[in-house]
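Novice: Those letters in the sequence shown? Residues -19 to -1, 1 to 312, by mature numbering (1 follows the signal peptide of the UniProt record, and there is no 0). Just so you know, even glycine gets a beta-carbon here, dropped at the ideal spot from N, CA and C.
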Amino acid sequence: MKTVVLLATFVVCCSTVISESVTSSPHRSASLIMNNRGSYQRIPQEKIVGGTIVVPNSLPFQVSIQRRSDAGSRWAHYCGGVILDANVVITAAHCVSGIDDTSLRVVAGEHSLSTDSGYEQDAFPVSFIVHEEYDTDHFKNDIALIFMNQAPLDLSVPSAKPINLPEPTSQYDPPAGTHVNVSGWGFTNSASWSDDRLSDLLRSVNISVVSDQVCDKAYGGDSENRIVLPSMMCAGDMKKGGLDSCQGDSGGPLFTGSGETAVLYGIVSWGEGCALASYPGIYTQVSYFLDWIAANQRVYSNYFNWPHLRHLSTRPMPTPDSKHVRTVSTS
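1) Who pairs with S189 in a beta bridge, going by DSSP?
2) Go ahead and pull the three-state DSSP assignment for residue 392.
3) Could you give the first and the last residue of the continuous beta strand (DSSP E) run that contains A89?
4) With contact counted as at least three CB pairs below 8 Å, one residue from each stretch, are the region 100 to 117 and the region 227 to 242 in contact?
5) Using 10 angstroms around the beta-carbon of K198, count the other beta-carbons present and answer buried if the total reaches 16, otherwise exposed.
6) In angstroms with no decimal places, state the Cα-to-Cα distance between E148 and S54.
7) What three-state label does DSSP hand A141 in the structure shown?
8) Is it right to say S45 is buried, meaning 16 or more other beta carbons lie within 10 angstroms of its own, or is it exposed?
9) Candidates L65, E91, V63 and A67: which alpha carbon is nearest I34's?
10) Using a Cβ distance threshold of 8 Å, determine whether the region 121 to 130 contacts the region 60 to 75, with at least three qualifying pairs required.
11) In terms of alpha-carbon separation, which member of G217, D97 and K142 lies closest to S39?
12) Would S93 pass as a contact of L183 if the rule is Cβ separation under 9 Å?
13) Over the uninterrupted alpha helix (DSSP H) stretch that includes A74, give me the two end residues.
14) Helix or strand or just coil, what does DSSP make of T265?
15) So, does the region 186 to 193 touch the region 207 to 218, judging by three or more C-beta pairs under 8 Å?
16) Determine, using beta carbons only, whether S140 and P41 come nearer to each other than 9 Å.
17) Alpha carbon to alpha carbon, how far is S204 from K121?
18) Is L146 buried or exposed, if buried means 16 or more other CB atoms sit within 10 Å of its CB?
19) Counting along the chain, where does the beta strand (DSSP E) carrying Y100 start and finish?
20) Roughly how many angstroms lie between the CA atoms of S173 and C60, to the nearest whole one?
21) Does chain C have any CB closer than 9 Å to the CB of S239?
22) Start and end of the beta strand (DSSP E) containing L126?
23) Check Y246 in the structure and name its three-state DSSP category.
24) Using a Cβ-Cβ cut-off of 6 Å (strictly less than) and excluding sequence neighbours within five positions of E101, which residues of its own chain qualify?
25) Tell me W273's beta-bridge partners as DSSP assigns them.
26) In this structure, what does DSSP give as the bridge partners for V35?
27) Which class does G240 belong to by DSSP, given the choice of helix, strand or coil?
28) Closest to G247 by CA distance: which of G201, N130, S50 and V163 is it?
29) How many angstroms separate the CA atom of C76 from the CA atom of L136?
30) Can you tell me whether T83 is buried or exposed, with buried defined as 16 or more other CB within 10 angstroms of its CB?
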C-alpha cells in the first residue's frame, strides 16, 4: 500500500477490501490527511503506472503475497514481496502489520494472477518480523521479513531466485538520475481506483532516482521538519509524470539490473497520488537496513532450520522483543 495523497481534499482515498475475485486488491490506499496535531498523516497505497508487461520469469525474485478471501475459497493478490532466501521474503511493514498471519500465502513464479503457468510455488508464513520501530503515522522503518518453514521455496528453478542486496560498504542510494525499475501487479491508471482492478500480468516501469532534498521539498519538508527521512529514498518522473508504483505494488522491489544480477535498493512504501509529476514515489531504503536484515535473517533462519524444531512452528522463538513476532501454525 503505497501512501497516496489526494491533492484537492487531503483525505484517505479508500481502504480496499478482499472480495471473491482474484483481481481485487486488499491494500489500503494511501493519502496524506491532516491529523489532530495539525500535521500530515500518511496512509499506504501502490500500483505500476505507465509500465509494460514483463517476460514471464524474467523477474524471478518477485513474489505475490496473497490473502485468503473472507469466504476462504479464493486467494487475492495483496502485496508484493522479494525473495531473499528459500525461506525468507522481504516486504513493507504496512503489508503485514496487524494482519492475520494464517490468511496469507507467498506465491513465487507468478506471472498471471488469473492463469496458472505451472511455474508457481506456494509457501506459507510461519512468522512475520515487523521492524520494532515501524511508525504507522510516518511510515518510518516500513520494512518486514516473512519466514516460511515447512515448505520453503525451491530456488533451483529459473522462476524463483533471490535478489542481491546492496554492498554493505554502500552508504548511499544510487545517485539522482540513476535509472531504476519497480515491478508489481498494481493498478495501471488512476481510473482503476473506481473498480479496484489490478493488472492481471506482472508489469515493470523504468523511473529515475530523485534526490532526498528535491523529494523532501516536493512534499513540503524543510530542514527542521523532514518528510522524507534518511531511511527512505525517492524515484519517479518529475518532468512528465505518468510513471510510478501504486495500489497493489506495496512491498515490491525498486531495483537495478535483471534476473539473477538484479540489486534491491528500495521497497514500495508510500507517496502522494500515483504517477504525479510533482510527487515522486517514496520507498524504504534497503541499504539503511542491511544490519537489521542480516541480524534477523541469521537468527530466525537458523532457528527454523534446526531439525528438532522444524515441526514446532507454534513454539515461541527467541527474540529480544517478542511483541513484534507472531508465529503461526501452517498445518
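Specialist: According to the data block:
1) Taking the first residue of the sequence shown as position 1, residue 189 is located at position 208. The partner list for S189 (beta bridge, DSSP) reads H160 and G217.
2) A question about residue 392 goes unanswered here, because the residues of the chain that appear run from -19 up to 312.
3) As a first step, residue 89 must be located in the sequence shown, where it is residue number 108. It spans L85 to A89 - the beta strand (DSSP E) in which A89 sits, taken as one unbroken run.
4) Contact between the region 100 to 117 and the region 227 to 242 is absent, with fewer than three C-beta pairs closer than 8 Å.
5) For this step, residue 198 is matched to residue 217 along the sequence shown. Exposed, since its Cβ has fewer than 16 Cβ neighbours within 10 Å.
6) In the sequence shown, residue 148 corresponds to position 167, counting from 1. In the sequence shown, residue 54 corresponds to position 73, counting from 1. If I take the Cα positions, the gap works out to 43 Å.
7) Residue numbering aside, residue 141 sits at position 160 when the sequence shown is read from its first letter. It is coil, neither helix nor strand.
8) Indexing the sequence shown from 1 puts residue 45 at position 64. Residue environment: S45 is assigned as buried (16 or more neighbouring CB atoms within 10 Å of its CB, all protein chains considered).
9) As a first step, residue 34 must be located in the sequence shown, where it is residue number 53. Minimum Cα distance to I34 is reached at E91.
10) Yes, the region 121 to 130 touches the region 60 to 75.
11) Reading the sequence shown from its first residue, position 58 is the one you call residue 39. Ranking G217, D97 and K142 by Cα distance to S39 puts K142 first.
12) By one-based count along the sequence shown, residue 93 stands at place 112. By one-based count along the sequence shown, residue 183 stands at place 202. In this structure, L183 lies closer than 9 Å to S93 by Cβ.
13) In the sequence shown, the residue the question calls residue 74 occupies position 93. If you look at A74, you'll find it in the alpha helix (DSSP H) that goes A74 to V77.
14) Along the sequence shown, one-based indexing puts residue 265 at 284. Correct three-state label for T265: strand.
15) Enough Cβ pairs lie closer than 8 Å, so yes.
16) On the sequence shown, residue 140 is found 159 positions in, with the first residue counted as 1. On the sequence shown, residue 41 is found 60 positions in, with the first residue counted as 1. For S140 and P41, yes; Cβs fall inside 9 Å.
17) Stepping through the sequence shown from its first residue, residue 204 is reached at position 223. Stepping through the sequence shown from its first residue, residue 121 is reached at position 140. Answer to the nearest angstrom: the Cα atoms are 17 Å apart.
18) The residue labelled residue 146 in the question sits at position 165 within the sequence shown. Classification for L146: buried.
19) As a position in the sequence shown, residue 100 is number 119, starting the count at 1. Per DSSP, Y100 belongs to no beta strand (DSSP E) and is neither H nor E.
20) The count along the sequence shown starts at 1 and reaches residue 173 at position 192. The count along the sequence shown starts at 1 and reaches residue 60 at position 79. Low confidence applies to S173: its pLDDT is 44, below 50, so where it sits in the model is not reliable, and the reading given next is rough at best. Their backbone Cα atoms lie some 17 Å apart in a straight line.
21) Within the model displayed, chain C is absent; a lone protein chain is all it includes.
22) For the purposes of this step, residue 126 is identified with residue 145 of the sequence shown, where counting begins at 1. Under the DSSP assignment, L126 falls in the beta strand (DSSP E) whose first and last residues are A125 to M129.
23) The residue labelled residue 246 in the question sits at position 265 within the sequence shown. Strand at Y246.
24) Within the sequence shown, the letter at position 120 stands for residue 101. Cβ within range, chain order: V88, G90 and E91.
25) Position 292 of the sequence shown, counting from 1, holds the residue named residue 273. For W273, which the question treats as bridged, DSSP gives no partner whatsoever.
26) Residue 35 sits at position 54 when you count from the first residue of the sequence shown. Within the DSSP secondary-structure output, V35 pairs in no beta bridge.
27) Sequence index remark: in the sequence shown, residue 240 carries index 259 (1-based). In this structure, G240 counts as helix in the three-state DSSP scheme.
28) By 1-based counting over the sequence shown, the position of residue 247 is 266. Taking only the C-alpha atoms, the option nearest G247 is V163.
29) As a working note, residue 76 is residue 95 in the sequence shown. As a working note, residue 136 is residue 155 in the sequence shown. Rounded to whole angstroms, C76 to L136 spans 24 Å at the Cα level.
30) Along the sequence shown, read from residue 1 onward, the residue named residue 83 stands at position 102. It counts as exposed.
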